[in-house]
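Asker:
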Amino acid sequence: MADTLFLIAGGIIILSLFVAAIRFFLGPDPVDRVIAFDVLTIISISLIALIAHEAGRGIYLDVAVVYGLLSFLGVIVVAKYLERGL
Amino acid sequence: MLSVIIIIALTILVLAAAILAVQTTNLVVAVISAGLVSLMASVGYLFLSAPDVAMTEAAIGSGLSTIIFFYVLNRVRGKDHG
Amino acid sequence: MEVLQITGGFVSLIGAVFLFLGSLGIVRMPDSYNRIQTGTKATTLGTLMFLIGVGLYNPSWFPKLIVLIFFILFTNPVSSHVLARAAYSIGTELTKLTVVDKLKDSRGEDIDA
Amino acid sequence: MDFGLVAVVVGFLLILIGIWGILTQKNIVKIVIGFSIFDTGLHAIMVGIGYLKGRTAPILDSAVSPADALTSIVDPVPQALVLTAIVIGLGVTALMLAYVVRLYDYRKSLDISSYEDLKW
Numbered sequence: 001m002a003d004t005l006f007l008i009a010g011g012i013i014i015l016s017l018f019v020a021a022i023r024f025f026l027g028p029d030p031v032d033r034v035i036a037f038d039v040l041t042i043i044s045i046s047l048i049a050l051i052a053h054e055a056g057r058g059i060y061l062d063v064a065v066v067y068g069l070l071s072f073l074g075v076i077v078v079a080k081y082l083e084r085g086l
Numbered sequence: 087m088l089s090v091i092i093i094i095a096l097t098i099l100v101l102a103a104a105i106l107a108v109q110t111t112n113l114v115v116a117v118i119s120a121g122l123v124s125l126m127a128s129v130g131y132l133f134l135s136a137p138d139v140a141m142t143e144a145a146i147g148s149g150l151s152t153i154i155f156f157y158v159l160n161r162v163r164g165k166d167h168g
Numbered sequence: 169m170e171v172l173q174i175t176g177g178f179v180s181l182i183g184a185v186f187l188f189l190g191s192l193g194i195v196r197m198p199d200s201y202n203r204i205q206t207g208t209k210a211t212t213l214g215t216l217m218f219l220i221g222v223g224l225y226n227p228s229w230f231p232k233l234i235v236l237i238f239f240i241l242f243t244n245p246v247s248s249h250v251l252a253r254a255a256y257s258i259g260t261e262l263t264k265l266t267v268v269d270k271l272k273d274s275r276g277e278d279i280d281a
Numbered sequence: 282m283d284f285g286l287v288a289v290v291v292g293f294l295l296i297l298i299g300i301w302g303i304l305t306q307k308n309i310v311k312i313v314i315g316f317s318i319f320d321t322g323l324h325a326i327m328v329g330i331g332y333l334k335g336r337t338a339p340i341l342d343s344a345v346s347p348a349d350a351l352t353s354i355v356d357p358v359p360q361a362l363v364l365t366a367i368v369i370g371l372g373v374t375a376l377m378l379a380y381v382v383r384l385y386d387y388r389k390s391l392d393i394s395s396y397e398d399l400k401w
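Quick look at the structure:
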């Protein structure tokens, strides 16, 4: 029962990865692509938690912590560059 | 079954982001696409049972090198490119 | 024990649905500011619920997941705020449906604001 | 489905895309980006070679006991090599970008065809 629910949740996450990538590849403005990159990073954190659950190894969650830190830094650097203030 | 679907999705996204990074003329878009290549490759390393490589690739390939590229783009900011 | 696992599965499923709605929003919204709004709020809630669901399934992972949840909760609104401010200052145009722009009004009437 | 074979094929395609970017682009920053993609493909190939089917990560904790580590973990040596290669790749990329800044200060251009001092 619970495994079926996690399987459906994984399918929905893969679908949302593709839908966010559509905006990344189409986006007319650089700002739109940065937003899509941020959303793809957040979806990847969920995907890593799902992979750790499927593999049964708690050590994989450390990768997600590193992801959370660096998406924050990357988006702030891009915003400062666009604002001409880096 | 789920892992095979995830691998196929990651493969498509990595190759599409690499082609966009090489092909576009806007330098900001090119640097962000190169960051997306590293991001998706580092999710793929988890399937190859290499969490240490995934952690380093996420920290350096997707975070630190993007910061260095934007620092350089700020230094060479001209009139013919963004 | 079985109840806890099924509860975790349902919470994860709801979180995944929120993630899908957030990523559908950045495709369908008309301009950059609306995309920033839907891409941050909905996906933050979705990620939090998905991580709580995984933690309910495996209770021994809760300390690491709590750190991750607080990290996402603190850093994600900051990055979206900085990005929206940069997008306004470089002159990204608003959609035709915009009713009020209070930042432009307040900048127009007093100079040193 | 063998994930190691998939990683080798994807890494080879990334190397081809990187070489295509290095050889066809005029902008110097785009050439450095092509080199960065080349590097990522190389790392994917090295990790894919070390993967063994059906085994888990080489970290000993409650899921993998030291007694049966020999039959349940993948090869850790290529992963250690790739860890070093990633850091060295960052250093090489930073060096190339430092030369980009120096070249731009010298002639105020990022086009590779405007540097023709060594042509004859």
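Protein sequences appear in the order of chains A, B, C and D. Per the working numbering, the first sequence starts with residue 1, numbered consecutively. Per the working numbering, the second sequence starts with residue 87, numbered consecutively. Per the working numbering, the third sequence starts with residue 169, numbered consecutively. Per the working numbering, the fourth sequence starts with residue 282, numbered consecutively. Glycine included, every Cβ here is placed at the ideal spot set by N, Cα and C.
Could you have a look at Thr-269 (chain C) and say whether DSSP puts it in helix, strand or coil?
Answerer: If you number the third sequence from 1, residue 269 (chain C) lands on position 101. In the sequence as presented, Thr is not what sits at residue 269 (chain C); that position holds Asp. Three-state DSSP puts Asp-269 (chain C) in coil, outside helix and strand.
Asker: Tell me, which residues are paired with Thr-305 (chain D) by DSSP?
Answerer: Within the fourth sequence, numbered from 1, the residue matching residue 305 (chain D) stands at position 24. Thr-305 (chain D) pairs with nothing; no bridge assigned.
Asker: On the DSSP letters alone, give me the boundaries of the alpha helix (DSSP H) that Arg-33 (chain A) sits inside.
Answerer: Within the first sequence, numbered from 1, the residue matching residue 33 (chain A) stands at position 33. Per DSSP, Arg-33 (chain A) belongs to the alpha helix (DSSP H) from 30–55.
Asker: Quick check: the region 9–29 of chain A against the region 89–107 of chain B, are at least 3 beta-carbon pairs closer than 8 Å?
Answerer: Yes, the region 89–107 of chain B is in contact with the region 9–29 of chain A.
Asker: What does Gly-302 (chain D) reach in chain B if we use C-beta pairs closer than 8 Å?
Answerer: By one-based count along the fourth sequence, residue 302 (chain D) stands at place 21. Correct list: Ala-107, Val-108.
Asker: So which residues of chain D does Val-115 (chain B) contact, with C-beta pairs closer than 8 Å?
Answerer: Taking the first residue of the second sequence as 1, we reach residue 115 (chain B) at position 29. Those within 8 Å of Val-115 (chain B) in chain D number zero; the least Cβ separation is about 11 Å.
Asker: Would you say Ala-103 (chain B) lies against chain A (beta-carbon separation less than 9 Å)?
Answerer: As a working note, residue 103 (chain B) is residue 17 in the second sequence. Yes, because at least one Cβ of chain A sits closer than 9 Å to the Cβ of Ala-103 (chain B).
Asker: Any beta carbon of chain C sitting closer than 9 Å to that of Phe-25 (chain A)?
Answerer: Counting from 1 along the first sequence, the entry for residue 25 (chain A) is found at position 25. For Phe-25 (chain A), the answer is no, since every Cβ of chain C falls outside 9 Å of its Cβ.
Asker: Starting from Ile-59 (chain A), find everything on chain D with Cβ-Cβ shorter than 8 Å and list it in chain order.
Answerer: Here residue 59 (chain A) refers to the residue found at position 59 of the first sequence. Within 8 Å Cβ-Cβ: Ala-338, Ile-340, Asp-342.
Asker: My output table needs one value for Leu-61 (chain A): the three-state DSSP class, helix, strand or coil.
Answerer: Along the first sequence, read from residue 1 onward, the residue named residue 61 (chain A) stands at position 61. Three-state result, Leu-61 (chain A): helix.
Asker: For Leu-295 (chain D), decide whether its Cβ has a neighbour in chain B, counting only Cβ atoms nearer than 9 Å.
Answerer: Locating residue 295 (chain D) in the fourth sequence gives position 14, counting from the first residue. At least one chain B Cβ lies under 9 Å of Leu-295 (chain D).
Asker: Count the other C-beta atoms from every protein chain shown that fall within 10 angstroms of the C-beta of Val-39 (chain A), then say buried if there are 16 or more, exposed otherwise.
Answerer: Here the question's residue 39 (chain A) lines up with position 39 in the first sequence. Flag for Val-39 (chain A) reads buried.
Asker: If we count the other Cβ atoms within 10 Å of its Cβ and call it buried at 16 or more, is Gly-168 (chain B) buried or exposed?
Answerer: By 1-based counting over the second sequence, the position of residue 168 (chain B) is 82. With a pLDDT of 49 at Gly-168 (chain B), under the threshold of 50, the modelled position of this residue cannot be trusted; read the value that follows with caution. Looking at its Cβ environment, which holds fewer than 16 other Cβ atoms inside 10 Å, Gly-168 (chain B) is exposed.
Asker: Considering just the uninterrupted stretch of the alpha helix (DSSP H) at Val-129 (chain B), what are its terminal residues?
Answerer: In the second sequence, residue 129 (chain B) corresponds to position 43, counting from 1. Taken as a continuous stretch (DSSP letters only), the alpha helix (DSSP H) holding Val-129 (chain B) covers 113–133.
Asker: With H, G and I counted as helix, E and B as strand and the rest as coil, what does DSSP make of Ile-340 (chain D)?
Answerer: Counting from one through the fourth sequence, the residue named residue 340 (chain D) turns up at place 59. Note: Ile-340 (chain D) maps to coil in three-state DSSP.
Asker: Select from B:Ala-107, B:Ala-136, B:Ser-89, B:Gly-130 the residue whose C-alpha is nearest the C-alpha of Thr-152 (chain B).
Answerer: The residue labelled residue 152 (chain B) in the question sits at position 66 within the second sequence. Checked all of B:Ala-107, B:Ala-136, B:Ser-89, B:Gly-130; the closest Cα to Thr-152 (chain B) is B:Ala-107.
Asker: Helix, strand or coil: which one does DSSP assign to Ile-14 (chain A)?
Answerer: Against the first sequence, residue 14 (chain A) aligns to sequence position 14. DSSP places Ile-14 (chain A) in helix when its eight states are reduced to three.
Asker: Of the residues that make up the region 239–264 of chain C, which ones have a beta carbon closer than 8 Å to any beta carbon in chain A?
Answerer: For the region 239–264 of chain C, which is checked against every Cβ of chain A, the residues closer than 8 Å are Phe-239, Ile-240, Thr-243, Asn-244, Val-246, Ser-247, Ser-248, Val-250, Leu-251, Arg-253, Ala-254, Ala-255, Ser-257, Ile-258, Thr-260.
Asker: Rounded to the nearest angstrom, how far is the Cβ of Val-363 (chain D) from that of Ile-354 (chain D), given a contact under 8 Å?
Answerer: Mapped onto the fourth sequence, residue 363 (chain D) falls at position 82. Mapped onto the fourth sequence, residue 354 (chain D) falls at position 73. Val-363 (chain D) to Ile-354 (chain D), Cβ: 16 Å. No contact.
Asker: Which residues in the same chain have their Cβ closer than 7 Å to the Cβ of Thr-208 (chain C), if we skip the five residues on either side of it in sequence?
Answerer: Position 40 of the third sequence, counting from 1, holds the residue named residue 208 (chain C). Excluding positions up to five away in sequence, the list reads Asn-244, Pro-245, Ser-248.
Asker: Is it a yes or a no for the region 321–331 of chain D touching the region 128–136 of chain B, going by three-plus beta-carbon pairs under 8 Å?
Answerer: Yes, the region 321–331 of chain D is in contact with the region 128–136 of chain B.
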